[in-house]
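A.B. asks: The following block contains the structure, expressed as structure tokens.
In the numbering used here, the protein residues as written are 56 to 274.
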């Protein structure tokens with residue numbers, strides 16, 4: 056469960072940040088030439104729907120490895136293929152409603168179904184130590200991410216009258232950086248307040264190193 060905790064500790068707030076700052080992200084990467092605000096809004100909508108899937112898709116490799124350790128390769132394949140099939144079917148429903156954003160939304164649903172399916176099957180197959188504590192951890196991380204979301208929105212509101220129209224690259228970058236820093240600081244101190252061990256001392260840096268700078272191929 057430790058690996059899954061580390062993934063969710065990072066990915067849940069990252070997904071929340073991408074949802075709230077999706078327009079700024081798209082504007083920074085693609086906002087040049089003939090890529091106007093109308094195109095930005097359409098692209099950012101797709102990015103927002105896709106960001107919802109991060110927590111689920113980020114958990115899938117770890118859940119699949121748990122089954123591999125049990126010498127079971129069939130179960131992960133069934134759930135992953137099933138999730139992909141559901142994504143395809145849902146895209147036929149969502150695309151006429153949400154246009155291209157419907158593809159991202161369908162993908163998110165498919166990833167969620169695969170992740171929940173693998174996790175529920177794993178619970179039936181083996182004993183997962185510290186399961187109740189894991190549930191509390193997930194609730195704390197989600198609540199901390201929601202608090203972070205409030206601070207990000209406040210940061211955007213504060214910067215709005217100062218920066219005015221975001222027609223310049225540096226203005227978008229400044230707003231994105233300011234909101235990101237405020238969000239990260241608020242999330243960090245919230246999880247510290249909740250006494251989540253991944254946020255305390257060396258454990259925090261171990262989590263970051265394990266996710267972004269794995270040693271000896273570990274993840």
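For glycine and all other residues, C-beta sits at the position ideal for the given N, C-alpha and C. Keep in mind it's a predicted model, so treat the numbers as computed, not measured.
(1) Whole angstroms are fine: how far does the CA of residue 197 sit from the CA of residue 209?
(2) Using the rule of at least 16 other Cβ atoms within 10 Å of the residue's Cβ for burial, across every protein chain shown, is residue 140 buried or exposed?
(3) Tell me whether the region 241-251 and the region 174-187 touch, counting them as touching only if at least three CB pairs, one residue from each stretch, are closer than 8 angstroms.
(4) Rounded to whole angstroms, how far is the Cβ of residue 149 from the Cβ of residue 160, which I believe are closer than 8 angstroms?
(5) Return helix, strand or coil for residue 125, following the three-state DSSP convention.
(6) Does the region 93-105 come into contact with the region 215-229, if we say contact requires no fewer than three beta-carbon pairs (one atom in each stretch) closer than 8 angstroms?
(7) Would you report the Cα separation of residue 234 and residue 127, rounded to the nearest angstrom?
(8) Roughly how many angstroms separate the alpha carbons of residue 268 and residue 65, rounded to a whole number?
(9) Mind pulling the alpha helix (DSSP H) runs of 4 or more residues that sit fully within the region 180-260?
(10) Leaving aside the five residues before and after residue 81 along the sequence, list all residues of the same chain whose C-beta is less than 8 angstroms from its C-beta, in chain order.
(11) May I have the straight-line CA-CA distance separating residue 144 from residue 112, to the nearest angstrom?
(12) Return the CA-CA distance between residue 105 and residue 163, expressed in angstroms with no decimal places.
(13) Quick check on DSSP: helix, strand or coil for residue 91?
(14) Measure from the alpha carbon of residue 248 to the alpha carbon of each residue in 199, 229, 217, 239, then state which is nearest.
(15) Return helix, strand or coil for residue 107, following the three-state DSSP convention.
(16) Go ahead and pull the three-state DSSP assignment for residue 76.
(17) Could you round the C-beta distance between residue 114 and residue 138 to whole angstroms and report it? I think they count as a contact, below 8 angstroms.
(18) Given a cut-off of 8 angstroms, decide if residue 158 and residue 146 are closer than it, judged by their beta-carbon atoms.
C.D. replies: This is what the structure holds:
(1) To locate residue 209, count along the chain shown from 1; it is residue 154. To locate residue 197, count along the chain shown from 1; it is residue 142. Taking the straight line joining both Cα atoms gives about 19 angstroms.
(2) As a first step, residue 140 is located in the chain shown; it is residue number 85 there, counting from the start. By the neighbour-count criterion, in which a residue is buried when 16 or more other Cβ atoms sit within 10 angstroms of its Cβ, residue 140 is exposed.
(3) no
(4) Taking the chain shown and counting its residues from 1, one reaches residue 149 at position 94. Taking the chain shown and counting its residues from 1, one reaches residue 160 at position 105. The beta-carbon distance between residue 149 and residue 160, rounded to whole angstroms, is 5 angstroms. This is short enough to meet the 8 angstroms contact definition.
(5) One-based indexing of the chain shown puts residue 125 at position 70. If DSSP states are grouped into helix, strand and coil, residue 125 belongs with coil.
(6) No, the region 93-105 does not touch the region 215-229.
(7) Your numbering for residue 234 matches position 179 in the chain shown. Your numbering for residue 127 matches position 72 in the chain shown. Taking the straight line joining both Cα atoms gives about 44 angstroms.
(8) Here residue 268 corresponds to residue number 213 of the chain shown, with the count starting at 1. Here residue 65 corresponds to residue number 10 of the chain shown, with the count starting at 1. At residue 268 the pLDDT is 49, less than 50, meaning the model places this residue with poor confidence; the figure from the coordinates comes in the next sentence. Cα-Cα distance, rounded: 14 angstroms.
(9) 186-218, 224-248
(10) On the chain shown, position 26 is the one that residue 81 refers to. Excluding residues up to 5 positions away in sequence, 95, 98, 99, 102 lie with their Cβ nearer than 8 angstroms to the Cβ of residue 81 in the same chain.
(11) Reading the chain shown from its first residue, position 89 is the one you call residue 144. Reading the chain shown from its first residue, position 57 is the one you call residue 112. As the crow flies, the alpha-carbon of residue 144 is around 18 angstroms from that of residue 112.
(12) For the purposes of this step, residue 105 is taken as residue 50 along the chain shown, with counting starting at 1. For the purposes of this step, residue 163 is taken as residue 108 along the chain shown, with counting starting at 1. Taking the straight line joining both Cα atoms gives about 6 angstroms.
(13) As a working note, residue 91 is residue 36 in the chain shown. DSSP places residue 91 in coil when its eight states are reduced to three.
(14) Residue numbering aside, residue 248 sits at position 193 when the chain shown is read from its first letter. Of the listed residues, the one whose Cα sits closest to residue 248 is 199.
(15) Along the chain shown, read from residue 1 onward, the residue named residue 107 stands at position 52. Coil at residue 107, not helix or strand.
(16) Start at 1 with the first residue of the chain shown, and residue 76 comes out as number 21. Residue 76 falls in the coil class under three-state DSSP.
(17) For the purposes of this step, residue 114 is identified with residue 59 of the chain shown, where counting begins at 1. For the purposes of this step, residue 138 is identified with residue 83 of the chain shown, where counting begins at 1. At roughly 12 angstroms, the Cβ-Cβ gap does not stay under 8 angstroms, so residue 114 and residue 138 are not in contact.
(18) On the chain shown, position 91 is the one that residue 146 refers to. On the chain shown, position 103 is the one that residue 158 refers to. In this structure, residue 158 lies closer than 8 angstroms to residue 146 by Cβ.
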